[in-house]
Every structure is written in structure tokens, then in C-alpha cells.
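Asks: Handing you this structure, nothing more for now.
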Amino acid sequence: MKIAVTIYEGPYNHEASDSAYNFIVAALAKGHEIRGIFFYHDGVYNVTKLMEPPQDDRHIANRWSELGAKGIDIVVCIAAAKRRGIVDSVLVPNVRISGLGQLTMMAIEAERMVIFGD
Amino acid sequence: MKIAVTIYEGPYNHEASDSAYNFIVAALAKGHEIRGIFFYHDGVYNVTKLMEPPQDDRHIANRWSELGAKGIDIVVCIAAAKRRGIVDSVLVPNVRISGLGQLTMMAIEAERMVIFGD
Amino acid sequence: MLHTVNQSPFQKSTLESCLRFVRKGDVILLLEDGVFAAQAGTAMSSLVEGALKSNKVYALSADLKARALTDVIQGVEVTDYAGFVDLVEQHTTHAWL
Amino acid sequence: MLHTVNQSPFQKSTLESCLRFVRKGDVILLLEDGVFAAQAGTAMSSLVEGALKSNKVYALSADLKARALTDVIQGVEVTDYAGFVDLVEQHTTHAWL
Amino acid sequence: MAEDIKKIMFTVRKGPHGTIYVYEGLEVKLIMAAYDADISVVFIDDGVYALKAGQNTKELGIKGFEATYGVLVDYEISKVFVDKKSLEDRGLTQDDLVVIGEDEETEEEIRPKVVDADEIAAMMAEQHNILCF
Amino acid sequence: MAEDIKKIMFTVRKGPHGTIYVYEGLEVKLIMAAYDADISVVFIDDGVYALKAGQNTKELGIKGFEATYGVLVDYEISKVFVDKKSLEDRGLTQDDLVVIGEDEETEEEIRPKVVDADEIAAMMAEQHNILCF
């Protein structure tokens, strides 16, 4: 089944990012297609390559980048990102900045949309 | 009176940042000394120079930088900042990254500590 | 419908709101701080106990374990992320954020 | 003590918690979404009405105006950021976040 | 409307200004209205405060967005509903809410429609996807 | 303790893991304990869950921090209180909570002390500053 995932909160501060990641890994393991991952609101902070968590902790941006390397479309909302200082030059690889039209397409084309936030 | 202010949430997403700013401006107008402003948790996102809000909106990072230019000590927690991708190269001027000892000193030395968050 | 609730019933009214909009056949998944509602013998247990009379209620195991909640209300089904995916496959989802 | 409450009483239990710890002479400042508690004639008005029997309650004007709340509970004092600063000068503060 | 047009619902449960969710969520609705989708918007809990008429954010120093609600119908977002109990709990009536446009023929003002929880739940059950803001 | 040692209280009202506030807040307490300040920590509302023994974050995939509470007394943070009603509302007793250290002389386990709202309010009134986490 085609599933889209939207994330509203930043990494580490809220569990949303971890819940979404664990959900997506489980969905992929079951053979579902992830139609796309969309970061909105503070969610845009998830994909900055400047983050440097303690060595014994998970690296949230790298995790998203690895999912992107598998071909999953990972989109960061441009309006939300600009206001918060997330620009192309700080993005991890395999992630792109685009408009809300992408969220719209995901909501229409995916058979399910699951939202994680707080 | 010596007042310290601590901010826990990022800009735009939460009102905390605006409430704190309005409070500080009013405190300065009354002749109080702002002992320091400390950004913790998602609050560290307040001071990235990469943010580019719509032209008709307030520029939150620049507002903090302007208060810093007046000599107010503005400190961003290094541990919270590293995990979230806020590093020296993206800071607006007149703001510094330092440790939690700075928050401790503010809590001890300031006659009042006011915390804004969510 | 699958209703996901990720907020503590002690601090937020999210679960109470959700329950007003749950229909026959709908299921509820408690995750993140929402799993506090799945604990037996608390001042908020009656919310989930009431919901169980007409609907299935699930709680995410990873979140229960992280919070050391072992005494789950009878009737609540503990599930993992794979089970969460199955629920999403079966139902359109609404997140009560 | 000055207790600041910035959460809506309809969605969060913050104000209720705060009120359990308020002593004689303490004051409460409602700001941000906390000002919803200052509105007269709501299902939550009784919280502030009860508090007013023993304590002073303030509500921040900028937040009331932003939310178009004009019908404030009698006895609640509407104040501005300058008034907020005066309250901080008079009291040690605890933020009920 | 064609058979394959997807139904998308937005639920708004947070108050305005305390957080940006309502404001940024409004941007999503305006964008999505330009696509082929059957959109409805439902205000529940503190979300109903987003529709309260007379908001003035000047003293707060942030951008307001009440005016945008006034042109929802112009954006072809006319299925706008408010949960009855949420409104009553807050001592509000339909008259306290913003006008979201006017009827093309009669030129009468249109306000969000007040419905009860059962009606909202029934609408939810018909959706292709639901986005919460 | 010298007259001019400042009293600083921490209040913890949020649950663990759903957000980072409790975890990052713990870091502040450990740092502040190294300074000349008279520190106390009070757990209220969902904050009491932060002290529940037996937390296991492995399946969730995030770092746990329960073990750190076990050495609070070693860090000379021994004034640790729990609000009685918050505990009761959650069906918990002092025995459900983590051990925060042991008595130097008797080697008895020390758990957070259960107190009521009036006692907490009285302590609050004596503080120089209060930080909420």
C-alpha cells in the first residue's frame, strides 16, 4: 500500500521524529511503498547536516538521508524552512526543499497519510 | 533589578520567543538590567542567521542580535545547540555559544529568572 | 478510522476529545505519552475503560516499555510498530495532535 | 510568588495544577493561550473565578486582543508587558509550562 | 465532480497565535484548494478560536491572519464546519465567528456551519485522507 | 551552608521520552550541582513518571536516563521531592520510584520524598529562583 508520512516537530525535542522513523522502517519491512515523507512546521529541522548529537545517540538527520538514498522522496516545505533557517546548503543528501504542492500530491496520491507531531 | 530570561522554544513556531522579546523590551524601558538571555532546548533555533521570514514579518534572529548589540549577554547552550545543528558559523552577531554553567550563573546572580516556553 | 493519540490524558484533553468522535468499528492507538492512558488503576483509566466497551484500543509496546508501564488495562492490546502499520493499512488515520 | 500560565485551560491541565500550589499573596498571570482562561461565561471560567476569591489574577492585554477576547471575567486585571515586568519585580516567578 | 476526486479533510484543534500550526496550516489549505480535491475544514476544540472575529495582533507584534478566513469561499473552500460542543464550551455562537465569504447569488454572508460530533465523525469516515493542523 | 548561598528549585512536570525537556533538564541539574547553590528538585504531574523504575528505551531506539537518577545523591542532589497527589492520580507509590542513592552512614536506599502540595508551595516561597523542566 502507498503510505505518506508527515512530520511536524523537530528532532530530539519531540518523540514524533522517532515514532515516524520506527513506523516507516516497519512499513518498509512489510513491503509497503512510502509515497513520500514531508517535513512541515518545526519538522524542517530534522534534515540539517549541521546537527552533531552525542556519539552514543542516534543521528536523526543521517537516518532520514539513508531512507532518501533508498529512493524515498523526502520533501521539506520551503516556506516553513525559510522562516526557520533551513536552506539548501545545510541539507543532508537525498532530501529536497519544495512547496506545499508536494504535500498536496502526497495526500491525494497516497492511500494513507500518517501524521506525527505533538 | 537584575533579571535573567530563559527561552525554551524555537522562533515562529511558539509564541514563547515573542513573549520573551516583548517582556525584555518592556523591562529595559523601565530601567531594569537584563543579566542575560539563555536559549535552551529548541530555543537554540532563535539565533540562526539563515532564517529568512517573509518581508512583512518580524525577523526574530535579528531582534535578538540587536539586543546583544546593546550589551546584553545572549547565550546559546552548546549541548542543546550541537544536537540541533546550531553552530558558530550560523549565529547572528552578538550572540555566543557556551555551557550550562552560564545558565547556572544567571539563576544565581539574577534577582529574577523568567522562563518562556510551551 | 484509526485514531492516534500521543498525548498524556493527565496533562491534555486530547483523548477526551478524540472519544467524542469515535464511531463503531473505529480503533484507537495510544502512542508516545498517549500510553499513560493505558495504565490500569489511575485517575484516568476510566477513559480507556469506557472506550473499550465499544472500540478496540491498542497501545504501542516501545512506548509502554520506555515509560515502565507494565500494568496495562485489561482489554487493551499491546502492539509494536509492525502492528501499527497493519492498523494503518486497515484504516484511514486521524492524528489527534 | 508570581505564577505564569501560558496554556489553554480547555486543552491542558496546567492552570488546574498551578492552582493547587498557589498560596495567599501569590499572583497569577495568564499569557499566550493561558488567556483563554480569563474569558467569562465558558466551561472553564470557574477556575479563574475560584482563584479570584483568594488571589489576584492578571491577563496580558496583547494576548487577549490577538485572540479577540473582550469579555473578561470580572476581577481579572488586564495588564500589558510593562505591568508584567512590575509583577516580576515584586515576586519570584514560576512558569507553569 | 468526477468520481475519482479525492476527499481531503483538515481538522483544526489548536488555538491561534500561541503556536504557528493554525497559521501554517491555513497556507496548506489555500494551496490544496488549487488542486483537484474535495476539501473540507473542521474546527474542533481551541481550533474554534481561530475563527473568532475581531483578532488584533498589533500589540503582540506578530502577523495576524483573520482576514484570510474572510476569503475562504473565494478560494473555493466552502465546506467549513465548527464543532457545536467546542463552541458552546467556549461561550461562543456562530455570530462570534468570522464571515468566510458571501453567497454568489444572494450575496448573503457565509459563516462556518455549526455541526455536532456525530456529523463530523460521519464526514471523517468518508475521507480519503485527513490532515490535522 | 553560608548565608548567601542561593536556593534554586527545579520543577519537573513533563513526562519522560515524549519530549526532551526532562532529559535536557537533568543535565542542567547535574551542572548546577557543581556550583554553590542550595538545590532542590520537585516532581509534579507527569513529571513523576520520570522517576518510575524499570524504564527501557531499547525498542524505542532512544537513549534512556533512568540510571542517572540513581546517582543524584552522589552528585549531592539529595533534596528530591514528589508531589503526593500526582503520584496517587497515577496509581503509583514511593516503592515504584527509582532509588536516587544511599545513606552514607546506614547504607539504606534513598528514594524521592513524597510531600503534599502545601509543603511544596511553602518550599517554593523560599526560593531565590525556580526553573521548570
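Taken in sequence, the protein lines are chains C, P, R, U, H and W. Here the numbering used here is used: position 84 in the first sequence is 84, and no number is missing along the way. For the numbering used here, count along the second sequence from 1 and bump the result up by 1000. For the numbering used here, count along the third sequence from 1 and bump the result up by 2000. For the numbering used here, count along the fourth sequence from 1 and bump the result up by 3000. For the numbering used here, count along the fifth sequence from 1 and bump the result up by 4000. For the numbering used here, count along the sixth sequence from 1 and bump the result up by 5000. Don't be surprised by glycine CBs; every beta carbon is placed ideally from N, CA and C.
With 16 as the cutoff for other CB atoms within 10 Å, does A4071 of chain H come out buried or exposed?
Replies: Reading the fifth sequence from its first residue, position 71 is the one you call residue 4071 of chain H. Per the sequence shown, residue 4071 of chain H should be read as Val rather than Ala. With fewer than 16 Cβ atoms within 10 Å of its Cβ, V4071 of chain H is classed as exposed.
Asks: Please classify A3066 of chain U: is it buried, with 16 or more other beta-carbons within 10 angstroms of its beta-carbon, or exposed?
Replies: Residue numbering aside, residue 3066 of chain U sits at position 66 when the fourth sequence is read from its first letter. Buried.
Asks: For Q2039 of chain R, which of helix, strand or coil comes out of DSSP?
Replies: Counted from its first residue, the third sequence places residue 2039 of chain R at position 39. DSSP places Q2039 of chain R in strand when its eight states are reduced to three.
Asks: Quick check on M4032 of chain H - is its C-beta less than 9 Å from some C-beta in chain R?
Replies: The sequence position of residue 4032 of chain H within the fifth sequence is 32, counting from 1. Chain R, which has no Cβ nearer than 9 Å to the Cβ of M4032 of chain H, makes this no.
Asks: Please confirm if the segment 4101-4112 of chain H is in contact with the segment 4072-4085 of chain H, defined as three or more CB-CB distances below 8 Å between the two stretches.
Replies: Touching, yes, given that three or more Cβ pairs across the two stretches are closer than 8 Å.
Asks: Would you mind listing the alpha helix (DSSP H) stretches within the segment 91-118 of chain C that are 4+ residues and don't spill past its ends, in chain order?
Replies: Within the segment 91-118 of chain C, the complete alpha helix (DSSP H) runs of at least 4 residues are 100-109.
Asks: So, N2006 of chain R versus D118 of chain C, is the Cβ gap smaller than 9 Å?
Replies: For the purposes of this step, residue 2006 of chain R is taken as the residue at position 6 of the third sequence. For the purposes of this step, residue 118 of chain C is taken as the residue at position 118 of the first sequence. Contact flag set, yes.
Asks: With a threshold of 16 other CB atoms inside 10 Å of the CB of P53 of chain C, please say whether the residue is buried or exposed.
Replies: As a first step, residue 53 of chain C must be located in the first sequence, where it is residue number 53. P53 of chain C comes out buried.
Asks: Short of 7 Å in beta carbon distance, which residues of its chain neighbour S1065 of chain P, apart from the five on each side in sequence? Order them along the chain.
Replies: Counted from its first residue, the second sequence places residue 1065 of chain P at position 65. The residues are V1092, P1093, N1094 and V1095.
Asks: So the beta strand (DSSP E) F5006 of chain W belongs to, where does it begin and stop?
Replies: The residue given as residue 5006 of chain W occupies position 6 in the sixth sequence. Before going further, note that residue 5006 of chain W is Lys rather than Phe in the sequence given. Taken as a continuous stretch (DSSP letters only), the beta strand (DSSP E) holding K5006 of chain W covers K5006 to V5012.
Asks: Quick check: A1004 of chain P and R1112 of chain P, are their CB atoms within less than 9 Å of each other?
Replies: Residue numbering aside, residue 1004 of chain P sits at position 4 when the second sequence is read from its first letter. Residue numbering aside, residue 1112 of chain P sits at position 112 when the second sequence is read from its first letter. In this structure, R1112 of chain P lies closer than 9 Å to A1004 of chain P by Cβ.
Asks: Any Cβ of chain U within less than 9 Å of the Cβ of K4014 of chain H?
Replies: Counting from 1 along the fifth sequence, the entry for residue 4014 of chain H is found at position 14. Chain U, which has a Cβ nearer than 9 Å to the Cβ of K4014 of chain H, makes this yes.
Asks: Spell out the partners DSSP gives W3096 of chain U in its beta bridges.
Replies: Stepping through the fourth sequence from its first residue, residue 3096 of chain U is reached at position 96. In DSSP, W3096 of chain U forms a bridge with U:V3005.
Asks: Alpha carbon to alpha carbon, how far is A4034 of chain H from K4007 of chain H?
Replies: Within the fifth sequence, numbered from 1, the residue matching residue 4034 of chain H stands at position 34. Within the fifth sequence, numbered from 1, the residue matching residue 4007 of chain H stands at position 7. So the two alpha carbons sit approximately 14 Å from each other.
Asks: Which class does G4070 of chain H belong to by DSSP, given the choice of helix, strand or coil?
Replies: Locating residue 4070 of chain H in the fifth sequence gives position 70, counting from the first residue. It is coil, neither helix nor strand.
Asks: With a cut-off of 9 Å, does the C-beta of E4158 of chain H fall near any C-beta of chain C?
Replies: Residue numbering for chain H in the displayed model covers 4001 to 4133; residue 4158 of chain H lies beyond these limits and cannot be assessed.
Asks: Given a threshold of 16 other Cβ atoms within 10 Å of its Cβ, counted over all protein chains shown, does G5015 of chain W qualify as buried or as exposed?
Replies: Your numbering for residue 5015 of chain W matches position 15 in the sixth sequence. Counting Cβ neighbours within 10 Å, G5015 of chain W comes out buried, since at least 16 surround it.
Asks: D2026 of chain R CB to nearest chain C CB: under 9 Å?
Replies: Counting from 1 along the third sequence, the entry for residue 2026 of chain R is found at position 26. Not an interface residue.
Asks: In terms of residue numbering, what span does the beta strand (DSSP E) encompassing G1036 of chain P cover?
Replies: Counting from one through the second sequence, the residue named residue 1036 of chain P turns up at place 36. Segment E1033 to F1039, the beta strand (DSSP E) holding G1036 of chain P.
Asks: For Q2090 of chain R, which option in R:V2076, R:P2009, R:D2033 and R:L2029 has the closest C-alpha, if you only look at C-alpha atoms?
Replies: Counted from its first residue, the third sequence places residue 2090 of chain R at position 90. It is R:L2029.
Asks: List the residues of chain R whose Cβ lies closer than 7 Å to the Cβ of T5057 of chain W, in chain order.
Replies: Working through the sixth sequence from its first residue, we reach residue 5057 of chain W at position 57. Those within 7 Å of T5057 of chain W in chain R are A2066.
Asks: Between the C-alpha atoms of K4079 of chain H and S4040 of chain H, what's the straight-line distance to the nearest angstrom?
Replies: Translated into the one-based positions of the fifth sequence, residue 4079 of chain H becomes position 79. Translated into the one-based positions of the fifth sequence, residue 4040 of chain H becomes position 40. Distance between the alpha carbons of K4079 of chain H and S4040 of chain H is about 5 Å.
Asks: Run the CB neighbour count on K2012 of chain R, radius 10 Å, all protein chains shown included, and call it buried at 16 or more, exposed below.
Replies: Translated into positions along the third sequence, residue 2012 of chain R becomes position 12. So K2012 of chain R counts as buried.
Asks: Under three-state DSSP, which class holds S5040 of chain W?
Replies: Numbered from 1 along the sixth sequence, position 40 holds the residue referred to as residue 5040 of chain W. Reduced to three states, the DSSP call for S5040 of chain W is strand.
Asks: Whose CA, out of R:K2024, R:S2008 and R:H2003, lies closest to the CA of L2064 of chain R?
Replies: For the purposes of this step, residue 2064 of chain R is taken as the residue at position 64 of the third sequence. Cα-wise, what sits closest to L2064 of chain R is R:S2008.
Asks: Tell me which same chain residues have a C-beta within less than 8 Å of the C-beta of H1032 of chain P, skipping the five on either side of it?
Replies: As a first step, residue 1032 of chain P must be located in the second sequence, where it is residue number 32. Within the same chain, H1032 of chain P has close Cβ partners M1001, K1002 and I1003.
Asks: Along chain C, which residues have their Cβ under 8 Å away from the Cβ of T5019 of chain W?
Replies: The count along the sixth sequence starts at 1 and reaches residue 5019 of chain W at position 19. What T5019 of chain W touches in chain C: N13, H14, E15 and D118.
Asks: Please find out if some non-hydrogen atom of the ligand ZN comes closer than 8 Å to the beta-carbon of R112 of chain C.
Replies: Summarising the ligand content, the structure contains no ligands, and the ligand ZN is consequently not present.
Asks: Does the CB of V4060 of chain H have a neighbour CB from chain U at under 9 Å?
Replies: The count along the fifth sequence starts at 1 and reaches residue 4060 of chain H at position 60. Residue identity differs from the one stated: residue 4060 of chain H is Leu in this sequence, not Val. Interface residue, yes.
Asks: Taking 9 Å as the CB-CB cut-off, is F1943 of chain R touching chain U?
Replies: Chain R is shown only over 2001 to 2097; residue 1943 of chain R falls outside these bounds and no answer can be derived.
Asks: Taking the C-alpha atoms as reference points, what is the distance between L100 of chain C and V87 of chain C?
Replies: Numbered from 1 along the first sequence, position 100 holds the residue referred to as residue 100 of chain C. Numbered from 1 along the first sequence, position 87 holds the residue referred to as residue 87 of chain C. If you take the alpha carbons of L100 of chain C and V87 of chain C, they lie about 16 Å apart.
Asks: What residue range does the alpha helix (DSSP H) around M2077 of chain R cover?
Replies: Taking the third sequence and counting its residues from 1, the one referred to as residue 2077 of chain R is at position 77. Strictly speaking, residue 2077 of chain R in this sequence is Glu, with Met absent from that position. No alpha helix (DSSP H) holds E2077 of chain R; the beta strand (DSSP E) holding it covers E2077 to T2079.
Asks: Going by the CB atoms, is the gap between C5132 of chain W and T5019 of chain W shorter than 9 Å?
Replies: The residue given as residue 5019 of chain W occupies position 19 in the sixth sequence. The residue given as residue 5132 of chain W occupies position 132 in the sixth sequence. No, these two residues do not count as a Cβ contact at 9 Å.
Asks: Using a Cβ-Cβ cut-off of 7 Å (strictly less than) and excluding sequence neighbours within five positions of L50 of chain C, which residues of its own chain qualify?
Replies: Within the first sequence, the letter at position 50 stands for residue 50 of chain C. Only V90 meet the Cβ criterion.
Asks: Leaving out five residues on either side along the sequence, give the residues of the same chain with a beta carbon under 7 Å from the beta carbon of M4001 of chain H.
Replies: Taking the first residue of the fifth sequence as 1, we reach residue 4001 of chain H at position 1. Legend: pLDDT at M4001 of chain H = 48, less than 50; position of this residue unreliable, value from coordinates given subsequently. Once the five neighbours on either side are set aside, the close Cβ partners of M4001 of chain H are D4038.
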